[in-house]
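Here's the structure we're looking at; comments come further down.
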Amino acid sequence: MPIRRDRRRSGTAGGSGGSSGADDTDDWGIEPGERDSLIDVPGGVRLQKVLAAAGVGSRRSCEEMIGAGRVEVDGEIVRRFGARVDPKTQVIRVDGKRIPASEDLVYLALNKPAGVLSTMSDDRGRRTIADLVADHGERLFHVGRLDYETEGLILLTNDGELAHRLAHPRYGVLKTYLAEVRGPVQKDLGRRLTSGVELDDGIVAADRFRVLDQAGQRVLVEITLHEGRKHVVRRMLAQTGHPVIRLVRTRVGPVSLGSLRPGSSRRLSVAEVGNLYASVGM
Ligand code: URA
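According to the numbering used here, the sequence shown holds residues 1 to 282 in order.
Put into structure tokens, the structure is as follows:
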């Protein structure tokens with residue numbers, strides 16, 4: 001198939017075709033500076049089809065988004081409905097947020113129960129998170145780990161670059177945990193945790209902390225950190241005199257655990273994937 005540049009009609013229906021005059025838009029309402037020069041990918045897929053397949057909306061609503069100039073391909077606004085793109089190699093954004101365009105890419109949220117390893121295999125035959133997402137077939141990477149006894153949100157994907165960035169300390173992705181700890185807690189616990197606690201491998205500070213419920217000896221707290229060190233939440237809370245009884249991760253960056261049942265997984269929405277990309281500068 002030949003490579004075809006977009007040949008859009010220029011000028012208004014009345015047909016001056018020039019760029020002078022009070023109204024420089026053409027009859028598609030496109031400003032002269034906005035004309036895209038995207039080259040159709042030979043054998044590519046129509047842009048509105050790619051958007052609809054990614055779950056952005058119906059084919060019709062995707063066409064409207066394209067017409068409204070909300071869709072970018074490789075950094076260029078494309079307003080043609082017929083533009084042919086390669087969803088595997090081109091970066092497509094809607095309203096500035098990247099969409100998971102390639103149908104081969106999988107993005108999952110899993111609620112890991114206690115007593116499951118955060119690995120994709122175990123030579124001692126213990127239960128791993130791979131057993132919980134086996135239906136998905138693809139080779140997935142898990143983003144970071146949770147302790148054997150820790151429950152809650154683990155993201156899995158076969159998008160290697162995204163997984164790598166989400167786990168990399170450089171991007172400082174925030175993780176939120178609910179912890180049941182031994183109480184009672186003193187009023188200054190939040191200040192101590194956010195100003196930094198000395199652990200064997202250096203000082204760690206929480207980004208946020210709050211007490212959610214305090215009933216006798218058991219206290220429910222929420223702690224948010226961007227650190228990914230081993231057992232970090234358990235060690236910080238133990239160090240301040242509050243050993244953890246139960247620990248659940250409820251959020252990773254922009255993705256929440258929500259009401260996902262322990263042991264179940266769900267596909268992330270297009271918006272969640274877009275927000276994940278944005279959180280690590282992709
Ligand atoms: N901090 C912990 O102590 N354990 C986890 O699993 C995650 C963070």
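Think of the CB as a built atom: it goes at the ideal place given N, C-alpha and C, for glycine as much as any other residue.
Residue i, enclosing beta strand (DSSP E) - first and last residue
| i | result |
| --- | --- |
| Glu138 | Here Glu138 belongs to no beta strand (DSSP E), and DSSP marks it neither H nor E. |
| Ile92 | Ile92 to Val94 |
| Ala179 | Lys175 to Arg182 |
| Arg288 | Residue coverage of the chain in this structure runs from 1 to 282, which leaves residue 288 outside it and unanswerable. |
| Glu149 | Note, Glu149: premise wrong, no beta strand (DSSP E); not H, not E. |
Short Cβ contact (9 angstroms threshold) for residue i with residue j
| i | j | result |
| --- | --- | --- |
| Gly115 | Glu149 | yes |
| Leu174 | His226 | yes |
| Ile154 | Val143 | yes |
| Ser264 | Leu105 | no |
| Arg84 | Leu117 | no |
Contact test: residue i Cβ vs the ligand URA heavy atom, cutoff 8 angstroms
| i | result |
| --- | --- |
| Thr224 | no |
| Asp104 | no |
| Thr150 | yes |
| Arg145 | yes |
| Val133 | no |
| Arg246 | no |
| Arg233 | Before going on, a small fix: residue 233 reads as Val here, not Arg. Yes, Cβ of Val233 sits closer than 8 angstroms to a heavy atom of the ligand URA. |
Candidates the options, of which the one nearest residue i by Cα
| i | options | result |
| --- | --- | --- |
| Gly57 | Lys112, Ala271 and Gly281 | Ala271 |
| Ser256 | Thr89, Thr224 and Asp74 | Thr224 |
| Val280 | Val71, Lys97 and Arg46 | Lys97 |
| Ala68 | Ala205, Gly75 and Asp95 | Asp95 |
| Gly172 | Tyr107, Leu38 and Ala205 | Ala205 |
| Val233 | Lys49, Gly196, Arg84 and Leu155 | Gly196 |
| Arg266 | Lys112, Asp74 and Ser102 | Lys112 |
| His291 | Val185, Glu180, Arg145 and Thr176 | Absent from the model: residue 291. The displayed extent of the chain is 1 to 282, so no value can be given. |
| Val41 | Pro87, Arg170, Glu161 and Gly75 | Pro87 |
Range of the contiguous alpha helix (DSSP H) that encloses residue i
| i | result |
| --- | --- |
| Gly160 | Gly160 to Ala167 |
| Ser279 | Val270 to Ser279 |
| Lys49 | Leu47 to Ala54 |
| Val232 | Val232 to Gln239 |
| Glu64 | Arg59 to Gly67 |
Cβ-heavy atom distance, residue i to the ligand GDP, below 8 angstroms
| i | result |
| --- | --- |
| Thr176 | Inclusion of the ligand GDP in the displayed structure is not the case, the ligand content consisting of the ligand URA alone. |
Strand pairing of residue i, partner residues [DSSP]
| i | result |
| --- | --- |
| Thr157 | Tyr107 and Phe141 |
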